[in-house]
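In what follows, a structure is listed as structure tokens, so that the remarks can point back to it.
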Amino acid sequence: MGDVIVADNLVKRFTTKKRVGLFRSYSEIVEALRGVSFRVRDKEIVGLLGPNGAGKTTTIKILSTLLLPDSGSATVYGYDVVREAQKVRKVIGIMLSVEKGFYGRLTGRENLIYFGSLYGMEKQELEKRVDFLLELVGLKELGGSDRLYEEYSLGMKARLALARALLKDPPVLLLDEPTLGLDPPSARRIRGLVRELASSEGKAVLYTSHNMFEVELVCDRVVLINKGVIVADGTPDELKSMLPNIRTLELHLKKVPEGLVDEIRSFGLEVREPLQTPEGLYVLKVLARKPEEVVDDILRAAVSRGVDVVRLKIEEPTLEDVFVYFTDRGVKD
Ligand SMILES: Nc1ncnc2c1ncn2[C@@H]1O[C@H](COP(=O)(O)OP(=O)(O)OP(=O)(O)O)[C@@H](O)[C@H]1O
Ligand SMILES: [Mg+2]
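Quick note, the sequence shown lines up with residues 0 to 332 if you use numbering that gives the first Met the number 0.
Rendered as structure tokens:
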């Protein structure tokens with residue numbers, strides 16, 4: 000199977016009541032998705048990345064049949080999310096908000112057994128699967144398997160939510176901010192598991208997050224969404240190479256002599272205003288497509304003014320630069 004998730008021109012509007020004054024309110028239409036299209040292939044982990052309110056959760060909810068699109072279509076594992084919702088539900092594991100839907104007075108193990116029987120899983124097979132999953136997500140080692148859910152920490156809740164998503168061993172995982180608020184070991188555990196599930200079991204994963212570092216670690220491809228519109232789609236490296244000035248040359252100087260910044264700008268380069276470090280050095284950032292081709296000219300300009308260059312480094316762009324670049328470029332409201 001090639002494309003496991005296909006979203007084609009999805010549109011979703013919400014009608015909300017906006018209150019003006021004590022007794023008056025009027026209806027307002029929020030366009031959460033304005034024609035969203037993307038794909039997730041077999042064994043692929045795709046990160047859906049975007050600022051607050053961009054439409055990530057709405058997309059995940061439509062794909063998991065919890066919301067109906069107003070127009071457009073989507074298939075998961077070949078099944079249409081509107082016409083074949085039942086079939087879609089059988090092939091997906093979802094992790095929406097980490098905390099939703101569990102029973103506080105049941106233990107983690109009992110919660111999983113409860114959901115497994117709802118899914119119609121046979122008792123013996125279910126008990127084995129639950130035991131395996133409690134081990135896999137690390138709840139056993141945290142002593143969480145047989146503790147009441149209401150006593151769980153956030154990290155334990157997230158692990159249980161992932162275990163629930165995996166109960167039926169679904170080929171497709173839809174994970175909405177699975178590591179939100181988790182400490183580094185818990186986040187690392189979840190990231191590692193997701194990678195493992197994709198690479199060794201061939202699961203397709205759609206993963207939302209605000210954490211750029213994490214998306215870069217986990218995802219094979221990134222789909223950037225802003226105000227309900229897809230603004231970029233590619234591997235992190237592909238997206239970085241689309242930035243106009245893609246690398247930063249950073250010079251640490253004892254002082255910034257007059258005329259230096261202007262001379263560097265006259266080479267056609269973008270120079271940020273110098274910043275002073277706590278040690279009293281000045282940091283000058285020069286943006287360039289090929290810094291190695293201009294570094295000699297820049298050094299000559301500095302040395303000819305008698306200034307010491309204490310440190311020089313070339314920095315690759317981060318996914319955060321990509322995010323800022325693509326989300327800043329105007330998508331109309
Ligand atoms: N049930 C709803 N009723 C009205 N508006 C909604 C509803 N759900 C979402 N929205 C609006 O739709 C837009 C997209 O919301 P969505 O939750 O998909 O964003 P998101 O990308 O998941 O954001 P975040 O990063 O904050 O989780 C927002 O403007 C939001 O206010
Ligand atoms: Mg969201």
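Note that CB positions come from ideal geometry on N, CA and C, so glycine has one too. Values in this document were obtained by computation on a predicted structure and should not be read as measured data.
Unbroken alpha helix (DSSP H) run spanning residue i, endpoints
{"i": "residue 296", "result": "290–302"}
{"i": "residue 249", "result": "Note, residue 249: premise wrong, no alpha helix (DSSP H); beta strand (DSSP E) at 246–252."}
N- and C-terminal bounds of the beta strand (DSSP E) containing residue i
{"i": "residue 13", "result": "2–19"}
{"i": "residue 191", "result": "No beta strand (DSSP E) holds residue 191; the alpha helix (DSSP H) holding it covers 183–200."}
{"i": "residue 26", "result": "23–40"}
{"i": "residue 175", "result": "171–175"}
{"i": "residue 308", "result": "308–314"}
{"i": "residue 70", "result": "70–75"}
C-beta contact flag for residue i and residue j at 8 Å
{"i": "residue 113", "j": "residue 102", "result": "yes"}
{"i": "residue 321", "j": "residue 238", "result": "yes"}
{"i": "residue 149", "j": "residue 104", "result": "yes"}
{"i": "residue 71", "j": "residue 10", "result": "yes"}
Expected contact under 8 Å - CB spacing of residue i and residue j to nearest Å
{"i": "residue 107", "j": "residue 143", "result": "5 Å"}
{"i": "residue 309", "j": "residue 252", "result": "7 Å"}
{"i": "residue 77", "j": "residue 164", "result": "Not really, about 20 Å apart at Cβ, beyond 8 Å."}
{"i": "residue 290", "j": "residue 223", "result": "Incorrect: roughly 25 Å between the Cβ atoms, too far for contact."}
Alpha carbon of residue i to alpha carbon of residue j, nearest angstrom
{"i": "residue 201", "j": "residue 33", "result": "31 Å"}
{"i": "residue 74", "j": "residue 5", "result": "5 Å"}
{"i": "residue 54", "j": "residue 226", "result": "7 Å"}
{"i": "residue 31", "j": "residue 203", "result": "25 Å"}
{"i": "residue 18", "j": "residue 51", "result": "22 Å"}
{"i": "residue 160", "j": "residue 229", "result": "28 Å"}
{"i": "residue 325", "j": "residue 221", "result": "12 Å"}
{"i": "residue 181", "j": "residue 99", "result": "16 Å"}
{"i": "residue 216", "j": "residue 20", "result": "48 Å"}
{"i": "residue 261", "j": "residue 284", "result": "13 Å"}
{"i": "residue 246", "j": "residue 80", "result": "42 Å"}
{"i": "residue 171", "j": "residue 207", "result": "14 Å"}
{"i": "residue 179", "j": "residue 286", "result": "33 Å"}
{"i": "residue 190", "j": "residue 137", "result": "13 Å"}
{"i": "residue 263", "j": "residue 94", "result": "50 Å"}
{"i": "residue 265", "j": "residue 277", "result": "29 Å"}
{"i": "residue 154", "j": "residue 129", "result": "18 Å"}
{"i": "residue 303", "j": "residue 187", "result": "49 Å"}
{"i": "residue 197", "j": "residue 168", "result": "12 Å"}
Residue from the options with nearest C-alpha to residue i
{"i": "residue 46", "options": "252, 295, 284 and 234", "result": "234"}
{"i": "residue 317", "options": "302, 299, 214 and 263", "result": "214"}
{"i": "residue 298", "options": "277, 146, 259 and 271", "result": "259"}
{"i": "residue 315", "options": "269, 240, 255 and 295", "result": "240"}
{"i": "residue 43", "options": "173, 265, 164 and 208", "result": "173"}
{"i": "residue 2", "options": "26, 12 and 36", "result": "36"}
{"i": "residue 63", "options": "269, 71, 88 and 69", "result": "88"}
{"i": "residue 243", "options": "292, 25, 121 and 269", "result": "269"}
{"i": "residue 61", "options": "16, 26 and 12", "result": "12"}
{"i": "residue 254", "options": "177, 271 and 280", "result": "280"}
{"i": "residue 256", "options": "301, 250 and 232", "result": "301"}
{"i": "residue 110", "options": "151, 90 and 84", "result": "151"}
Any chain C beta carbon closer than 8 Å to residue i
{"i": "residue 36", "result": "In the structure shown, chain C cannot be found, because there is only a single protein chain."}
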